[in-house]
Amino acid sequence: MAHEQYQQLIHTLHECMSHCNHCYDACLKEDDIKMMAGCIRLDRECADICAYLEQAITRGTPFVAELAAACATICEACGNECKKHDHDHCQKCAEACFNCAEACKSIA
């Protein structure tokens with residue numbers, strides 16, 4: 261199977277998606293939700309692209325490099341937004357996003 265060479269990336273993508281989904285949900289429960297709007301939006305974007313790339317890799321997509329490049333850009337943007345917020349869920353999400361961005365850059 262072609263996706264076996266990407267097992268570490270698949271794991272990293274899944275971790276990032278999980279952190280983004282958790283951050284998204286936690287941000288919706290914050291008192292000042294308007295302040296969290298950018299974080300919420302990027303959490304969704306990032307979780308979606310990570311999930312898509314994970315699925316595409318397991319299907320044997322020929323576009324791994326192109327998708328990984330887009331994923332890296334979105335993960336980095338999400339990480340930058342999350343790190344602006346002091347909430348623990350945002351800080352953990354930022355770390356996962358930056359890890360995923362680096363993993364994707366190494367494939368792109």
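Residue numbers (our numbering): 261 to 368. By construction, the Cβ of each residue, glycine as well, lies at the ideal position given by its N, Cα and C atoms.
Throw me the rounded Cβ distance for the residue i and residue j pair, which I believe falls under 8 angstroms.
| i | j | result |
| --- | --- | --- |
| L273 | C360 | 6 angstroms |
| C299 | C350 | 6 angstroms |
| E341 | L302 | 5 angstroms |
| C331 | I309 | 5 angstroms |
By the 10 Å Cβ neighbour count, where 16 or more other Cβ atoms means buried, how is residue i classified, buried or exposed?
| i | result |
| --- | --- |
| H345 | buried |
| G339 | buried |
| I293 | exposed |
| N285 | Before going further, note that residue 285 is Asp rather than Asn in the sequence given. With fewer than 16 Cβ atoms within 10 Å of its Cβ, D285 is classed as exposed. |
| E326 | exposed |
| D348 | exposed |
| D291 | exposed |
| Q265 | exposed |
| E362 | exposed |
Check whether the Cβ atoms of residue i and residue j lie closer than 8 angstroms to each other.
| i | j | result |
| --- | --- | --- |
| C287 | M277 | no |
| C280 | C364 | no |
| A311 | A368 | no |
Please report whether the beta-carbon of residue i lies at a distance below 8 angstroms from any beta-carbon of chain D.
| i | result |
| --- | --- |
| K289 | No chain D appears in this structure, which consists of one protein chain only. |
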